[in-house]
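Student: Structure incoming, see below.
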Amino acid sequence: MPLNADQLKELVAGDAVAIRGTATLEPAGGPGDKIFPPTHAVDEKNKKPGAKYAFENRRIDGQDTTCVLIDSVQSQANRMEEALQALWADRRIVLPVVSVDFSSVAPEVGRVTSLTAPHRIADALLRDSLFNDQLFRLSEIGKSFTDASPRNATALFKICPTGLVFGLWDSTGPRGGLGAKFQRALVSEIIGINAVPGNRTESRIDPAQLVNAAAVLYRKTNEAPLTWTFNEAEAERGKVGNEDNVRLKWGARREGDKWKQGEGKLTTANHSNVPPTIDSSGGGVTIDEARHTVVLSLASLQRLGFTTGAEEARTVLAALGLLAVLAAESRGHDLRSRCLLIPRKGFALKLEAVARNGSTTPVDLDLAGAIALYNEAIGKLPDGIKFDRPAGEALAELRPSPKLADLLRKSRELVATGADVGDG
Numbered sequence: 001m002p003l004n005a006d007q008l009k010e011l012v013a014g015d016a017v018a019i020r021g022t023a024t025l026e027p028a029g030g031p032g033d034k035i036f037p038p039t040h041a042v043d044e045k046n047k048k049p050g051a052k053y054a055f056e057n058r059r060i061d062g063q064d065t066t067c068v069l070i071d072s073v074q075s076q077a078n079r080m081e082e083a084l085q086a087l088w089a090d091r092r093i094v095l096p097v098v099s100v101d102f103s104s105v106a107p108e109v110g111r112v113t114s115l116t117a118p119h120r121i122a123d124a125l126l127r128d129s130l131f132n133d134q135l136f137r138l139s140e141i142g143k144s145f146t147d148a149s150p151r152n153a154t155a156l157f158k159i160c161p162t163g164l165v166f167g168l169w170d171s172t173g174p175r176g177g178l179g180a181k182f183q184r185a186l187v188s189e190i191i192g193i194n195a196v197p198g199n200r201t202e203s204r205i206d207p208a209q210l211v212n213a214a215a216v217l218y219r220k221t222n223e224a225p226l227t228w229t230f231n232e233a234e235a236e237r238g239k240v241g242n243e244d245n246v247r248l249k250w251g252a253r254r255e256g257d258k259w260k261q262g263e264g265k266l267t268t269a270n271h272s273n274v275p276p277t278i279d280s281s282g283g284g285v286t287i288d289e290a291r292h293t294v295v296l297s298l299a300s301l302q303r304l305g306f307t308t309g310a311e312e313a314r315t316v317l318a319a320l321g322l323l324a325v326l327a328a329e330s331r332g333h334d335l336r337s338r339c340l341l342i343p344r345k346g347f348a349l350k351l352e353a354v355a356r357n358g359s360t361t362p363v364d365l366d367l368a369g370a371i372a373l374y375n376e377a378i379g380k381l382p383d384g385i386k387f388d389r390p391a392g393e394a395l396a397e398l399r400p401s402p403k404l405a406d407l408l409r410k411s412r413e414l415v416a417t418g419a420d421v422g423d424g
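What follows is the structure, encoded as structure tokens:
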């Protein structure tokens, strides 16, 4: 029978320390098919095979084994929160969510919620938004979790329980670095085992047979959207190095009050042929298999204190963690371009509870059961910590403050000019 709320409560309050799961995955194309892990910034001169990927040696079956990170703990957390948001938006679960509507200033952004913001309820996008014409962190809801701590997590539980599951640090709130800090209770990661870096080739044949030697391209003055010209008289001018009034070639980028000159080649405007090249630093990998590991720390949840209904609250958090895992799992592992993984036959994700003595007990649960388990658990919360809003309804609807809205507009204007935005 599927796990129910009373059984989960016994696990959380008893001698179980974790619920864990593992799965063996492989490329959808089959064994030996190449996949592409996430890339990381490296020196452009670093041409070492696989330099853009996170390789490390891990001890597997008593041997040092070359592994590559396929999906990080942070990325997995984001995927699980997105899956929870989808369930909440479909009104299938009740969950406290704070939302900011950016549609009036950035329609492509739409709504950002405490489930999709990088730092959850403590994120700067929420902090710099308004609730009832007041900065969010100065509102009653915003102030309620300022003094939250593992010894008393009640306020945070009532407005952002996912912060207690996935971790949270209120480092930019009213208390700065002394702000509320909660460790992750749920960790999920996917790695590739016995990973071998490959090569990637790139080329382009221009069907119009345009050639780089045909012209030098310049940024065109006062043109919106930004476009190019090969008429020098129409070229935009700016300061390059110590020289003023320089014609800016296509591809030039603003760096403060100066410009970094562009190449002006047709290829920088996506015209002309691109000769075949070989990229070994980010050319994908082949692996023996991918390993997905999930750990929900019940020991971490057991350390959280509440003013009332402590066991019920911890049970809800455990149910929320299990729901997050299975909701994300139900979406599959289409992680990025050319990185679709599927379970190896007979090795799909299986959950088990781990006791303090190391013994294990299988946990029978699928997505439908996890939704029922979570809804049953929240139905047992006492009045002092019940969730106040029905499924799909936000706890608070915010709007960006004027200064945040201006920052959004300026950022988009800067990107539209082709400026070096200096991220990172």
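Take 1 as the starting number for the sequence shown in this note's numbering and just add one per residue. Beta carbons are placed, not taken as given, at the ideal position from N, Cα and C, and that holds for glycine.
Would you tell me roughly how many angstroms separate the C-alpha atoms of E81 and A235, rounded to the nearest one?
Tutor: 48 Å
Student: Should K52 be labelled buried (16 or more other beta-carbon atoms within 10 Å of its own) or exposed?
Tutor: buried
Student: Apart from the five residues on each side of it in sequence, which residues of its chain come closer than 6 Å, Cβ to Cβ, to G238?
Tutor: L248 and W259
Student: In chain order, what residues of the same chain lie with their CB nearer than 7 Å to the CB of G321, ignoring the 5 residues before and after it?
Tutor: Around G321: V165, A185, L186 and L296.
Student: Cβ of K34 within 7 Å of Cβ of T286?
Tutor: yes
Student: Three Cβ pairs or more, each shorter than 8 Å: is that satisfied between the region 62-71 and the region 22-40?
Tutor: Here the region 62-71 makes contact with the region 22-40; the two share three or more CB pairs at distances below 8 Å.
Student: Please list the terminal residues of the continuous alpha helix (DSSP H) segment that includes E10.
Tutor: Segment A5 to A13, the alpha helix (DSSP H) holding E10.
Student: Have a look at V274, E255, G283 and I378 and flag the residue whose alpha-carbon is nearest the alpha-carbon of S337.
Tutor: G283
Student: Pull up the DSSP beta-bridge partners for H333, would you.
Tutor: L341
Student: Could you say which of P400, Q74 and L351 lies nearest to G167 if we only look at CA atoms?
Tutor: Q74
Student: Can you give the beta carbon distance from E289 to T24, rounded, assuming they're within the 8 Å contact cut?
Tutor: Taking the Cβ atoms as the reference, E289 lies roughly 5 Å from T24, within the contact range of under 8 Å.
Student: According to DSSP, which residues form a beta bridge with E56?
Tutor: Residue pairing by DSSP places E56 opposite C67 in a beta bridge.
Student: So the candidates are S99, V196 and A83; which of them puts its Cα closest to the Cα of F55?
Tutor: V196
Student: Within the continuous alpha helix (DSSP H) that includes E82, where are the two ends?
Tutor: V73 to A89
Student: Cutting at 8 Å between CB atoms, please list the residues of its own chain near F387, excluding the five before and the five after it.
Tutor: V94, L95, P96, K158, I378 and L381
Student: Counting beta carbon pairs with one atom in the region 351-364 and one in the region 212-219, are three or more of them shorter than 8 Å?
Tutor: no
Student: Starting from V187, trace the beta strand (DSSP E) both ways and give me its first and last residue.
Tutor: Where V187 is concerned, the enclosing beta strand (DSSP E) starts and stops at L186 to I193.
Student: In terms of alpha-carbon separation, which member of H271, V240, V112 and V246 lies closest to G256?
Tutor: V240
Student: Rounded to whole angstroms, what is the Cα-Cα separation between F182 and P150?
Tutor: 7 Å
Student: Is it true that the region 386-401 meets the region 119-133, where meeting means three or more beta-carbon pairs spaced less than 8 Å apart?
Tutor: These segments touch.
Student: Is it right to say T360 is buried, meaning 16 or more other beta carbons lie within 10 angstroms of its own, or is it exposed?
Tutor: exposed
Student: Go to T154, then tell me how far its alpha helix (DSSP H) extends in each direction, as first and last residue.
Tutor: T154 to I159
Student: Indicate whether the contact test is met: 3 or more Cβ pairs, each with one atom in the region 190-208 and one in the region 261-278, closer than 8 Å.
Tutor: yes
Student: The ligand NAP and T221: does any heavy atom of the ligand fall closer than 6 Å to the residue's C-beta?
Tutor: Annotation note on the ligand NAP: not contained in the displayed structure, which lists no ligands.
Student: Where does the unbroken alpha helix (DSSP H) through K45 begin, and where does it stop?
Tutor: It is not in any alpha helix (DSSP H) - K45 carries neither H nor E in the DSSP assignment.
Student: Let's see if you can read the secondary structure: which residues bound the alpha helix (DSSP H) around A416?
Tutor: P402 to A416
Student: To the nearest angstrom, how far is it from the Cα of I385 to the Cα of C160?
Tutor: 12 Å
Student: With the cut-off set at 7 Å, would you say L407 and A106 are in Cβ contact?
Tutor: no
Student: On a CA-only basis, which of A5, E26 and N57 is nearest G346? Give me that one, please.
Tutor: E26
Student: Under a three-way DSSP split, which group does N212 fall into?
Tutor: Helix at N212.
Student: Provide the residue span of the alpha helix (DSSP H) that contains S171, from first to last.
Tutor: Premise fails: S171 is in no alpha helix (DSSP H) and is neither H nor E.
Student: Considering just the uninterrupted stretch of the beta strand (DSSP E) at I278, what are its terminal residues?
Tutor: V274 to D279
Student: Which of helix, strand or coil does DSSP assign to L323?
Tutor: The answer is helix: DSSP assigns L323 an H, G or I state.
Student: Under the DSSP definition of a beta bridge, which residues are partnered with D123?
Tutor: Residue pairing from DSSP leaves D123 without any beta-bridge partner.
Student: Quick one: give me the first and last residue of the alpha helix (DSSP H) that L296 is part of.
Tutor: From DSSP, L296 is part of no alpha helix (DSSP H) but of the beta strand (DSSP E) over E289 to S297.
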